[in-house]
Each structure stands twice: as C-alpha cells, then as structure tokens.
Amino acid sequence: MEKIIRFAQFLSEKAALCSSLAMILIVVLILLEVFLRSLFNTSTMITDEYSAYLYVVLVFFGLGHTLATDGHIRVKVVTSRLPERTRHGLDALVTGAALGLTGFALVFSLSLVKEAHSLRMVSETPSQTPMWIPQSAIPVGLIVFMVQLIAHGATAVSRFLAMRSHR
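Residues in the sequence shown are numbered from 0 upward in steps of one, following numbering that gives the first Met the number 0.
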C-alpha cells in the first residue's frame with residue numbers, strides 16, 4: 000500500500016506543478032494581451048481561447064493534489080461529531096463513490112478526445128487548434144485524481160480496519 004501512496008503523491012505533485020504552470024501562462028497571456036492592446040492596438044487573437052484551455056489544465060491537473068492536501072470541500076460539521084471509526088468507514092465509502100463517478104467521467108472524457116481526434120475537430124477560431132489536444136487534459140487529470148482516490152481510499156479502509164482491531 001505504501002508504494003501506491005508514494006506513486007499517487009508523485010503523480011499528484013507533478014500534475015500540481017503543471018497546474019501551477021498553467022496559471023502562470025494564463026497570467027502571462029493576459030498581460031501580453033493588455034500590453035499589445037495598450038501600446039500597439041493589436042491582439043494575440045488567442046488569449047481568450049488558450050486561457051480557457053489552460054484553465055482546464057489548471058483545474059483537472061489540480062484535483063489529485065487538492066485531495067492529497069485535504070483541500071476538497073467536506074461537511075466537517077457533521078463528520079466531526081461521528082465516532083472516529085465511523086468517520087473512517089464513511090470516508091472509505093465516499094471515496095469509493097467518488098472513484099466510481101470519476102471512472103464514469105473518465106470513460107466519457109476519453110470518448111470525447113477520441114471522437115475529436117478521429118473527426119479532426121478544430122476550434123472555430125483563428126488558431127484552428129485541434130480540439131483533442133486541450134481536451135486531453137481532462138482524462139489525464141482524472142487519471143491522476145483516480146490514482147489519488149485509490150491511495151486515499153486504501154488509507155481510509157486501513158484506518159477503519161485498524162480501529163476495528165483495537166476494540
């Protein structure tokens with residue numbers, strides 16, 4: 000189990016780095032656009048489009064790290080009042096449900112990317128960006144999130160079972 004947790008942590012950290020770089024690139028694109036419009040009355044013509052693509056990277060690549068650092072929203076008002084063993088059991092169940100939903104989203108996101116690639120879909124903008132490229136960020140981010148969910152779920156189950164043996 001320790002290998003899974005380390006692997007999940009490694010993937011989540013690398014994806015979080017990509018997420019951070021996406022945020023920096025969004026800021027750079029916007030600043031470049033402002034600079035070009037202010038001084039030269041021209042535009043990159045891609046800032047809106049590429050900022051949106053980078054935002055998708057920012058969000059989906061950040062999911063695993065957010066889970067690893069306990070950053071996702073939880074209803075602690077309710078769970079803090081539960082016995083510790085029940086809390087770990089509930090955490091395992093909720094993580095399992097999240098894993099199922101994420102798997103469902105992964106299947107459909109892969110289908111989206113495959114279809115965009117096979118139909119050679121491009122953006123309806125001057126850049127004519129092949130849509131499968133920015134869409135690929137969704138399944139990649141979901142895979143990293145699923146690996147982190149597996150590690151989180153394994154930890155929750157382990158804690159639940161440990162509480163059971165200490166009764």
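Don't be surprised by glycine CBs; every beta carbon is placed ideally from N, CA and C.
Here the structure is a predicted model, which is why all the values come from computation and not from measurement.
- DSSP, read as helix, strand or coil, puts PRO138 in helix.
- One Cα belongs to ARG86, the other to LEU98, and the distance between them is close to 18 Å.
- In the DSSP assignment, ARG84 falls within the unbroken alpha helix (DSSP H) covering 83-117.
- When DSSP states are grouped into helix, strand and coil, PRO125 belongs to the coil group.
- Counted as a single uninterrupted DSSP element, the alpha helix (DSSP H) harbouring ASP47 occupies residues 46-67.
- Here DSSP, grouped into helix, strand and coil, assigns THR154 to helix.
- In terms of Cα proximity to GLN134, the closest of THR78, GLN8 and MET120 is MET120.
- Taking a contact as a CB-CB distance under 8 Å, the pair GLN8 and ALA96 does not count as one, their CB atoms being some 22 Å apart.
- For MET0, no alpha helix (DSSP H) segment is defined, and its DSSP state is neither H nor E.
- For THR43, no alpha helix (DSSP H) encloses it, and the DSSP letter there is neither H nor E.
- When secondary structure is reduced to three states using DSSP, ARG73 falls in the coil class, being assigned neither helix nor strand.
- In chain order, ALA150, ALA153 and THR154 place their CB closer than 8 Å to the CB of ILE4, counting only its own chain and leaving out the 5 sequence neighbours on each side.
- The C-beta of LEU38 has fewer than 16 other C-beta atoms within 10 Å across all chains shown, which makes the residue exposed.
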